[in-house]
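First the structure, in the form of C-alpha cells, and then the observations on it.
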Amino acid sequence: MLNNIVELKHISKVYGDESILHHLDLSIPNGTFTTILGASGCGKTTLLRLISGLEMPNHGQIIINGKDVTDLPPQQRQVNTVFQSYALFPHMTVAQNIAFGLQCEHLPKDEISKRVEEALKVVHLEKFRDRLPKQLSGGQQQRVAIARALAKKPLVLLLDEPLSALDYRLRKTMQMQLKSMQRELGITFILVTHDQEEALAMSDNIVVLDHGEVQQMGPPREIYEEPANMHVAKFIGETNVLKTRITDANLETVTVEIEGLSFELKNKKGFTKADSINTVVRPEDLRVWDRSEIESTEGMMTGKVTEVIYKGTTVDLQVELDTGTTLFATEFFDEDDADLDYHLNERVWVQWHPGWEVLLHNEEL
Amino acid sequence: MKNFRTFSISLSWLWLGFFVLAPTLLLILTSVLSKGDTSLVRVDFTFHNYIENFNWVYVHVFLRSLKMAFIVTVVSLFIAFPFALIIARTPPRLRNFLLMLNVIPFWTNSIITTYAIMIIVKTKGLLNSALLGLGIIHQPLHILYSPLAVYIGLIYNLLPFMILPLYARLEKLDDRVLEAAQDLGANRWQILYRIVIPMSMPGIVAGCLFVFLPAMTLFYVPNILGGAKSYLLGNLIQDQFLTNQNWPFGASLSVALTIFAAALIWLYWYSAKNTNKDELL
Chain A
2 MLNNIVELKH ISKVYGDESI LHHLDLSIPN GTFTTILGAS GCGKTTLLRL
52 ISGLEMPNHG QIIINGKDVT DLPPQQRQVN TVFQSYALFP HMTVAQNIAF
102 GLQCEHLPKD EISKRVEEAL KVVHLEKFRD RLPKQLSGGQ QQRVAIARAL
152 AKKPLVLLLD EPLSALDYRL RKTMQMQLKS MQRELGITFI LVTHDQEEAL
202 AMSDNIVVLD HGEVQQMGPP REIYEEPANM HVAKFIGETN VLKTRITDAN
252 LETVTVEIEG LSFELKNKKG FTKADSINTV VRPEDLRVWD RSEIESTEGM
302 MTGKVTEVIY KGTTVDLQVE LDTGTTLFAT EFFDEDDADL DYHLNERVWV
352 QWHPGWEVLL HNEEL
Chain B
-6 MKNFRTFSIS LSWLWLGFFV LAPTLLLILT SVLSKGDTSL VRVDFTFHNY
44 IENFNWVYVH VFLRSLKMAF IVTVVSLFIA FPFALIIART PPRLRNFLLM
94 LNVIPFWTNS IITTYAIMII VKTKGLLNSA LLGLGIIHQP LHILYSPLAV
144 YIGLIYNLLP FMILPLYARL EKLDDRVLEA AQDLGANRWQ ILYRIVIPMS
194 MPGIVAGCLF VFLPAMTLFY VPNILGGAKS YLLGNLIQDQ FLTNQNWPFG
244 ASLSVALTIF AAALIWLYWY SAKNTNKDEL L
C-alpha cells in the first residue's frame, strides 16, 4: 500500500476571474481520518469536488492510489462522496439507493444484495431498507448517504460538511459513529468542515485551508498547540494575541516586551531582533489571580474583570488590562481553586504558564 | 377588504355556475331528450342516444381517435422530452428566451397556425418546393389531406402542452442528485433512465393527459388538413350539432367523452396518490 492515497500537485482552480485555489500541494496519508478545515469560501468544497472529479482543475495533477486521474470523470475514480444535502434518490427506497451504484457496475445480483446488507448493517438501518428517503429523519438520511457511498468500497470516502444540517446532539453522535466507522473500515475519510471543534474531535489529521492555500497540516494537537501562523492561530480555538517587541534575541532565547513587562522566552523559531512578532496565548493557559492568592506579583499583568461567564465546567473571564488590552481567560474548577469567585471590576493579576505561549510572525490579516 | 373578498369569490362562483355548471347540466339534459323534426329537441326522455353510441360506426370513430391520440401523445413525448431537458439545462437568461419561443405559437390562434401548416405541406407548398428545389425528391409529396398532415397539425398544436409540464419537472431536478449518480458510477444513459425519467414521471403523465385528451377532439385540424380517413371524435360531435342537427345524440357523445376523460384523470390522481401525494400536478 502506498503511503499517500491522494496527492494533489500544484492544483489551481479559477471560476471566471475568481481564483479559488492557487498552486496547492497536498498529500493525504492512507487510512487516516483527514479533515479539511476552513471558513466558508476558502475553497474547501472545491478541493473535495476536484478529488471526486465533479470539477476539473485549471492546472495541476490529481493522483489517487498512485494513478493519475486528473482527466478521468467521477465514474472512473475509486472515491465516493457523501453530499451536504445527502442527494438521495427520492424515488428509490433505502435499499435501492444503496444498490444503485452497484447496479451501475453491473455486479451480479447476489453480490449486490450481499453488499447492500453489509452497508445497511454498518449504518444500522436494516429495519429501514424499504422506506423512501422522505420517510426518514435527517440523521437517517445522512446514514443512507454514507451507506450508499460505502457500498461501492471506495479507496477514499469524501464527506462534504455531512453533519451541518443535524442538531447538536445528533451531530455529536454522528461524529463518534463516523470516527468508529472509519477505524473499523480502515479506508481514508476526507471530511470538509468549517467547524473547528468537529475537526479537532474527529480527525487524525487536519488540513487548515485559507485563501486557497494550505496554511498548516498536522494532527489536531499540533494544529492547536503549535499553530504555524496567525491564520491558523486565529481560526482554531479562542486566542489572545499580544503585541510583542523583541528587545534582544539569541539562538536559545528571545527577550521581549509585552504589555510593558519584560519576558525571556524560548526562541524556537529563530527570531532575530528585526522580526515583528505576536505572542499568542490560549485562554485556558492564562491564570487569573486575586491579590490574596499570590505572594509575588512579579511578571504579572494587572487589570480588572469586565465580564464573567459561568459555563458549568469552566468560568470564562474577560479582563481589561491597565494598558487597555482585553484578554479572554478560561478558568477550570480544580483542587487548587475550588471556588472560582470573580466579581465585576475586581482587580486581578494575570500570568501564563511559561513555555505555553506561541510566538508568531506578525501578519496583516 | 372583506367585502372585496366576498365579492370576488362570489364572482368566480357565478362565472363557474354560468359557464361551466349550467352548460354541462344542459348538455346532460339534452343527451336524454329525443331528436325533434321541427324544433332542436323533443321533450321525450330516452336513453336511446347512449345506446346508439355503441353502434359500430361510432365505436370505430372512437377507436380511431384513440389510436391517433395515442400516436400523437407518444410522438409529442419523444419530441418534447429532449426539448424540455435542453431548456431546463440552459442558463436562466437564454432559458426564458427559449420558453418564449415555445409559448408564442401557443398564444397564436390555433386555427391560424393550422392554416399555416396547410401552406407548408400542400402539394405546391413550401416543403415540397424546398425539397424539389434541393433535388431530394422528384415528385411532390402528397401530405395534405392525408393522416400524416393531421398528425403534423395535432402534434404542432399540442406540443407546448407536453413541453411545459415536462419543463416544470425537469427544471426542479436537483443538480446534486445528478452529481451523486455520476459519483456512484452511472453513465449518461443510466442517469437518464434511472434518475431523470423516473423523477420527472409526474410531468410526463401530466403532459400526456394534456395532449391525449385534446388530440381526440381537435375537430378543426382534421377539418382543415385531413381527409375522410382522419375523422375524429371531435368531428363526429361537431357534425351532430352543426350538420345532422341531432343535438341529443351530439350531447350524448359529448357526455360519454367527458366521462372517459374524467376516468383517465381519476386514474392518474389515483396512481399518483398511491405513490407520491405531494408530487401531484
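These protein sequence lines are chains A and B, in that order. Under the working numbering, the first residue of the first sequence is numbered 2, with each subsequent residue one higher. Under the working numbering, the first residue of the second sequence is numbered -6, with each subsequent residue one higher. The C-beta atom is built at its ideal place from N, Cα and C for all residues, glycine as well.
Residue environment, alanine 179 of chain B, which counts as buried when at least 16 other CB atoms sit within 10 Å = Within the second sequence, the letter at position 186 stands for residue 179 of chain B. Flag for alanine 179 of chain B reads buried.
message = Rounded to whole angstroms, what is the Cα-Cα separation between glycine 304 of chain A and lysine 173 of chain A?
response = Counting from 1 along the first sequence, the entry for residue 304 of chain A is found at position 303. Counting from 1 along the first sequence, the entry for residue 173 of chain A is found at position 172. Going from the Cα of glycine 304 of chain A to the Cα of lysine 173 of chain A covers about 38 Å.
query = Ordered along the chain, which non-local residues of its own chain (more than five positions away) have a Cβ less than 6 Å from that of lysine 274 of chain A?
reply = Translated into the one-based positions of the first sequence, residue 274 of chain A becomes position 273. Result list for lysine 274 of chain A: Ile247, Ala250, in chain order.
inquiry  = Is there a C-beta anywhere in chain A that falls below 8 Å from the one on glycine 196 of chain B?
reply    = Within the second sequence, numbered from 1, the residue matching residue 196 of chain B stands at position 203. Glycine 196 of chain B does not count as touching chain A.
Bounding residues of the beta strand (DSSP E) (the contiguous stretch that carries isoleucine 37 of chain A) = Position 36 of the first sequence, counted from the start, is the residue given in the question as residue 37 of chain A. Run containing isoleucine 37 of chain A: 34 to 38, per the beta strand (DSSP E) assignment.
query = Should the segment 127 to 142 of chain A be called in touch with the segment 191 to 198 of chain A, which here means at least 3 C-beta pairs below 8 Å?
reply = no
message = Using only the alpha-carbon positions, how far apart do histidine 24 of chain A and lysine 10 of chain A sit?
response = What you label residue 24 of chain A is simply residue 23 of the first sequence in a count that begins at 1. What you label residue 10 of chain A is simply residue 9 of the first sequence in a count that begins at 1. Rounded to the nearest angstrom, the two C-alpha atoms are 8 Å apart.
ask   = Which stretch, first to last residue, makes up the alpha helix (DSSP H) that contains aspartate 168 of chain B?
value = Here residue 168 of chain B is taken as the residue at index 175 of the second sequence, counted from 1. First-last of the alpha helix (DSSP H) with aspartate 168 of chain B: 168 to 176.
ask   = So threonine 36 of chain A and valine 208 of chain A are in contact, right, with Cβ under 8 Å, and what is the actual spacing, rounded?
value = Counting from 1 along the first sequence, the entry for residue 36 of chain A is found at position 35. Counting from 1 along the first sequence, the entry for residue 208 of chain A is found at position 207. Going by Cβ atoms, the distance from threonine 36 of chain A to valine 208 of chain A rounds to 7 Å, so yes, they are a contact pair.
task = Starting from the N-terminal side, write out each stretch of the beta strand (DSSP E) that is 3 residues or longer and does not extend beyond the segment 113 to 185 of chain A.
result = 157 to 161
query = Under 9 Å Cβ-Cβ, which residues of chain B neighbour phenylalanine 90 of chain A?
reply = For the purposes of this step, residue 90 of chain A is identified with residue 89 of the first sequence, where counting begins at 1. Those are Val170, Ala173, Ala174, Arg187, Ile188, Pro191, Met192, listed as they occur along chain B.
key: Terminal residues of the alpha helix (DSSP H) in which glycine 200 of chain B lies   = Here the question's residue 200 of chain B lines up with position 207 in the second sequence. It spans 194 to 208 - the alpha helix (DSSP H) in which glycine 200 of chain B sits, taken as one unbroken run.
request  = Please look up how many angstroms separate the CB atoms of valine 306 of chain A and valine 320 of chain A, rounded, as I've assumed it's under 8 Å.
outcome  = One-based indexing of the first sequence puts residue 306 of chain A at position 305. One-based indexing of the first sequence puts residue 320 of chain A at position 319. Confirmed, Cβ separation roughly 6 Å.
Every unbroken beta strand (DSSP E) within the segment 177 to 228 of chain A, with a cutoff of 3 residues, ordered by chain = 189 to 194, 206 to 211, 214 to 219
request  = At 9 Å on the CB atoms, spell out the chain B contacts of serine 41 of chain A, in chain order.
outcome  = Looking up residue 41 of chain A in the first sequence gives position 40. Those do not exist, as serine 41 of chain A stays about 17 Å from chain B at its closest Cβ, beyond 9 Å.
ask   = Is phenylalanine 264 of chain A near glycine 300 of chain A, with beta carbons less than 8 Å apart?
value = Start at 1 with the first residue of the first sequence, and residue 264 of chain A comes out as number 263. Start at 1 with the first residue of the first sequence, and residue 300 of chain A comes out as number 299. Taking 8 Å as the Cβ cut-off, phenylalanine 264 of chain A and glycine 300 of chain A qualify as a contacting pair.
task = Could you tell me which residues DSSP puts in a beta bridge with alanine 250 of chain A?
result = Counting from one through the first sequence, the residue named residue 250 of chain A turns up at place 249. In the DSSP output, where bridge partners are listed per residue, alanine 250 of chain A has A:Val255.
message = So that I know if they touch, is there some Cβ in chain A lying closer than 8 Å to that of glycine 200 of chain B?
response = As a position in the second sequence, residue 200 of chain B is number 207, starting the count at 1. No, no contact with chain A.
request  = Kindly list, in the order they appear in chain A, the residues whose Cβ is closer than 7 Å to that of glutamine 183 of chain B.
outcome  = Stepping through the second sequence from its first residue, residue 183 of chain B is reached at position 190. Per Cβ cutoff of 7 Å: Cys105.
ask   = Any C-beta of chain A sitting closer than 8 Å to the C-beta of leucine 87 of chain B?
value = As a first step, residue 87 of chain B is located in the second sequence; it is residue number 94 there, counting from the start. Answer no: the Cβ-Cβ gap between leucine 87 of chain B and chain A never drops below 8 Å.
request  = Compare the C-beta of alanine 179 of chain B against all C-beta atoms of chain A and say whether one is closer than 8 Å.
outcome  = The count along the second sequence starts at 1 and reaches residue 179 of chain B at position 186. Output row for alanine 179 of chain B: interface = yes.
query = From leucine 171 of chain B to proline 155 of chain A, what does the alpha carbon distance come to, in whole angstroms?
reply = In the second sequence, residue 171 of chain B corresponds to position 178, counting from 1. In the first sequence, residue 155 of chain A corresponds to position 154, counting from 1. Answer to the nearest angstrom: the Cα atoms are 19 Å apart.
ask   = Does the count of Cβ pairs from the segment 85 to 100 of chain A and the segment 159 to 170 of chain B closer than 8 Å reach three?
value = yes
message = What does the Cβ neighbour count give for glycine 128 of chain B, buried or exposed, with the cut at 16 atoms within 10 Å?
response = Taking the second sequence and counting its residues from 1, one reaches residue 128 of chain B at position 135. Glycine 128 of chain B should be labelled exposed.
inquiry  = With three or more beta-carbon pairs closer than 8 Å as the criterion, would you say the segment 49 to 58 of chain A touches the segment 66 to 84 of chain A?
reply    = yes
message = Buried or exposed for tyrosine 283 of chain B, going by 16 or more other Cβ atoms inside 10 Å?
response = Within the shown structure, residues of chain B are numbered from -6 to 274, placing residue 283 of chain B beyond reach of any answer.
key: Where glycine 61 of chain A falls: helix, strand or coil (DSSP)   = Within the first sequence, residue 61 of chain A is the residue found at index 60, counting from 1. Correct three-state label for glycine 61 of chain A: strand.
task = Starting from the Cα of proline 75 of chain B, find the closest Cα among B:Ala208, B:Ile156, B:Gly227, B:Met209 and give me that residue.
result = As a working mapping, residue 75 of chain B is identified with position 82 in the second sequence. Ranking B:Ala208, B:Ile156, B:Gly227, B:Met209 by Cα distance to proline 75 of chain B puts B:Ile156 first.
key: Touching by the beta-carbon criterion (3+ pairs, under 8 Å), the segment 103 to 112 of chain B and the segment 179 to 189 of chain B   = no
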